[in-house]
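Notes follow the structure.
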Amino acid sequence: MPFVEEILKHRSLSIVGMEKNTGKTECLNYVLKRLKSFDARLALTSIGIDGEGLDQVTATHKPEIELYENIVFVTSEKHFKQKKIDAEILNVGDRYTSLGRLVTARSVSTGKLMFSGPTDTVWLRKVVNEMPQYGVDTTIVDGALSRLSLGSPAVTESLILATGAALSANINTLVSKTKYVYTLINLEKFSSIFVEQLLQKESGIWAIDKNEVIDLDIPSVFLLEKYKDKLFMHGNILYVAGAITDKILNFLRIQKNIKDITLVVKDFTKIFAGRESFNAYIAKGGKIEVLLRTKLIAVCVNPTSPEGYVLNSADLRAQLSESLKMPVYDIKQI
Amino acid sequence: MATFGSVIKKVNALRYMFDQLDIKSSLGRRVLLAQHFITGKKDLFFAFESIDGILRVLETEKGKNILEKIQIKLEHINDIQGTINNLYRENVLDDIELFEIKNFALIATEIRELATLANYFHIEIPVLESPISILDPQGQRVPHFYVYDEYSEELSSLRKQQKSIYTTNVEQAEKIRLQAIAVEDTIREKLSRELFKHKRDLRKALEMVALFDIVIAKALLAVKYKLAKPSIADEITTYKSLFNPYVQDSLSLQSKSFQAVDITIGMQPLLITGANMGGKTVLLKSVQLAQYMFQFGFYIPANQASIVPVEDVMTSMSDEQSELSGLSSFASEMIKVNEIIKAAKAGKNILVLIDELARTTNPQEGRAIVNAILDVLASTHARSLVTTHYSGIQSSCRKMRVKGLMTEKLNQKITTKNINDYMDYSLVENDSADVPMEALAIAKILEIDEDVLQQAAFYAKN
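This is the structure we're talking about:
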């Protein structure tokens, strides 16, 4: 299995599902099982989704992950207490999520547990960076591609994308939807001395010229039209700290200077705009770049939809692989 | 009684001191914010001696190194008050709580050992070897925890069995797992019972570790600002070169310096007069800050300080936010001053600080009010400091004035930017009831309209 070795070249990996039931958990369990024979020192955590109500909905769906001995993991107090595995506690943090503080522990038996983790990107980055002190080489993040999550999987060095019939029962649709996410993941990295500075911005629209980062003082991206005069006062490179919507791309697309515009976003998960507006924006010559870029290691497919509909695994893999120009795996077929 | 946390909400200069404190643990911060105003001489004495001890440790290179190590340990302390409360309630602790106790006890012990190495004995962390050994059956002294195999042979063999059939017989494995959990629960119960015997030591250790954090931070603050160890006085409060770090730091940002002031405060009310811009308000705030720092067990921003502890500090200052909205500034001032008078007449030993009393009413009645309040305060146990612009105060209080503009330099070019250099903020005895006539000189420096100045000079003469 080639991509498993690839994983160990990176300090961190997230596994992200394009939709529920696209086989992310199977993919994660598969990766863990394979890595066992490599005797790799691993840590595992997840991106938490904050908020009580949400949790009650998703908690029932949250699948358990099977761990073997000697894996470091980070999960919330609530899920730690529900674990079905013996584990030695290494640390208890002092920040709270809605499911309690984060517990870092090392498994001392084989067993299962549920994962929840840091609720924002900065915190996730911190947790990932702490792992080497427990002798960890590679940290795996159970990611979510959700607008509801403040934590982005893009903080990890590498990424595995899980897609499948749950996304669409039509192979063509499935392929084009997956291809779009693939395109976003592979957006160019914005190269500038201001990257770290920009990462600290939590909101607003900023212009980046040769010497500095300038706050354009535009209260909301929804008011772009009203502040049109301000927008390009400091050049054509703009950083939007929040989400990129259809509206923004459509607005920029019709500007005279579209060919010179570079739109910078934190990472690919911040692009909420649909395929059509994105493609139209790019076709007119607009550019989009990201501050955090992650390397896509593999694409896994699950040909079975939750309703029981099964696509032909070989066809699906062949078409996806043709479109993405990279190998695609069906975990259940390996 | 006021807590440190409640006082810093209204006294900016004290808030500033808190911000400058390098407290390492959230435990230390919680304990300091909840600390009460100290009135007992014994407690005050202990507070200053414990800082003094740290300062002596800091004198040697070895001591400095040890304190740095202690501060690193303090950064890893979690506030386990909730867990200790659960222990007191005789609850069965879960793995996370047992981990917290073990982790805390190990770090507290390391701090204890480092303190011994530095010969520092003012704060004594209890010996926690028993709770540690309860939670460390492997004797490894690492801050990790789970219900180890070593606790029970039965548990150990159940776990082995479960492991051997985990993949082959899932159902049976699950059954054995449940048996193992039942054994773990009895072990947790037993551990909690054993730890219960050491609950007092653990709580004491938590308090002492917090105190350690606070005292080290206070000592480092004393070094940073050259604060003085105060002596505890019975009758008269004396400051030599009293300063205000909050004002001093903001002045130094503008490359200006702060002039420290000598002052004594006894039982007789002290009335301070002086020119505008003469630093009267800053003086009152410095006295207020020093008294609070003293009674929260800090060293004092002065070269020397000998301070009488009071039960409370009560103030009326112009920039205080009025809680009595809807009233005129005069009315809200009077109501506030009346509360002070009430407390003073009730025999309370308080420090009273009133800035420009009755300033917002007509001078004739204003003067009368100042006289009356000084008379009443003189008959109580309150120690008071009152500033005024009014001349002709007859009340038999001590009177001092700010020296003010250095008249010998008045021919030089004075502006609002450098006026600081031409002001002498020190206090001199002032037997006459007159106040210095400097308002017009200051107005001139401020470049107020020439016609106004001429007319005013004319009226002042006649």
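Sequence lines, in order, name chains A and B.
To convert, note that position 196 of the first sequence is 196 in my numbering; the numbers rise steadily by one, no gaps.
Counting from 1 along the second sequence, just add 334 to a position and that's the residue number in my numbering.
The beta-carbon is built from N, C-alpha and C at its ideal position, and this holds for glycine as well.
Query	Result
Outcome for Q200 of chain A when other beta-carbon atoms lying within 10 angstroms are tallied against a minimum of 16	exposed
CB contact flag (Q622 of chain B, L555 of chain B, <8 Å)	no
Spatial distance of D50 of chain A from D120 of chain A (CA atoms)	Residue confidence for D50 of chain A is low, a pLDDT of 42 falling below 50, so the modelled location carries little weight; the figure read from the coordinates is stated next. Cα to Cα, the separation comes out at about 9 Å.
Integer Cβ distance of I521 of chain B from V481 of chain B, believed to fall under 8 Å	5 Å
One or two residues paired with K574 of chain B in a DSSP bridge	B:Q638
CA-to-CA distance, F630 of chain B to Y749 of chain B, given in whole angstroms	The question names Tyr, but residue 749 of chain B in the sequence shown is Thr. If you take the alpha carbons of T749 of chain B and F630 of chain B, they lie about 40 Å apart.
Buried versus exposed, by CB contacts within 10 Å (16 or more), Q588 of chain B	exposed
Residue nearest to L311 of chain A in terms of C-alpha spacing, selected from A:L28, A:L231, A:A165 and A:K228	A:A165
Members of the region 608–636 of chain B that neighbour chain A once the beta carbon cut-off is set at 8 Å	none
Closest by C-alpha distance to I220 of chain A, when choosing among A:I248, A:M233 and A:N211	Note on residue identity: the sequence assigns Ser, not Ile, to residue 220 of chain A. Of A:I248, A:M233 and A:N211, the residue nearest in Cα terms is A:I248.
Neighbour-count burial assignment, F73 of chain A, 16 or more Cβ in a 10 Å radius	buried
Span separating the alpha-carbon of G204 of chain A from that of V265 of chain A	11 Å
Counted within 10 angstroms of its Cβ, other Cβ atoms place I406 of chain B as buried (16 or more) or exposed	exposed
Under 8 Å between C-beta atoms of H715 of chain B and G681 of chain B	yes
Amino acids of chain A, ordered along the chain, whose beta-carbon sits closer than 7 Å to that of Y480 of chain B	D86, A87, E88, I89 and V108
Contact list for F433 of chain B against chain A, beta-carbon separation under 8 Å	I89 and V92
Rounded Cβ spacing between F479 of chain B and L432 of chain B (contact assumed at less than 8 Å)	5 Å
Chain A within 8 Å of D428 of chain B, Cβ atoms only	yes
Beta-carbon neighbours of Y500 of chain B, restricted to chain A and to distances below 7 Å	T110
Runs of alpha helix (DSSP H) wholly within the region 435–487 of chain B (minimum 4 residues, chain order)	463–469
Among A:L44, A:D39, A:P63 and A:R34, the one whose alpha carbon lies nearest that of G23 of chain A	A:P63
Whole-angstrom distance between T104 of chain A and F592 of chain B, CA atom to CA atom	51 Å
Residue-chain proximity (K497 of chain B, chain A), Cβ-Cβ < 8 Å	yes
Buried or exposed by the 16-neighbour rule on C-beta atoms within 10 Å, applied to Y96 of chain A	exposed
Identified DSSP bridge partners for C300 of chain A	A:A162 and A:Y329
beta-carbon T104 of chain A near the ligand SAH non-hydrogen atom, thresh 7 Å	Ligands displayed in this structure: none; no statement on the ligand SAH is therefore possible.
Cβ neighbour criterion (16 or more within 10 Å) applied to T60 of chain A	Below a pLDDT of 50, predicted positions are generally treated as unreliable, and T60 of chain A, at 42, falls in that range; the measurement from the model is reported next regardless. Burial call: exposed.
Neighbour list for E77 of chain A in chain B, Cβ cutoff strictly below 7 Å	I430
Contacts around G600 of chain B, its chain only, beta-carbon distance under 8 Å, and the 5 residues preceding and following it disregarded	E569, I570, T571, R717 and R732
DSSP three-state assignment for L124 of chain A, whether helix, strand or coil	helix
Contained beta strand (DSSP E) runs [length at least 3] in the region 586–622 of chain B, N- to C-terminal order	595–599 and 604–607
Within-8 Å CB hit, R364 of chain B to chain A	no
Enclosing beta strand (DSSP E) for L311 of chain A [first to last residue]	Looking at the DSSP string, L311 of chain A is not in any beta strand (DSSP E), and its letter there is neither H nor E.
D535 of chain B vs G362 of chain B beta-carbon contact at 8 Å	no
DSSP-derived helix/strand/coil call for D429 of chain B	helix
Reduced DSSP category for S37 of chain A - H, G, I as helix; E, B as strand; rest coil	coil
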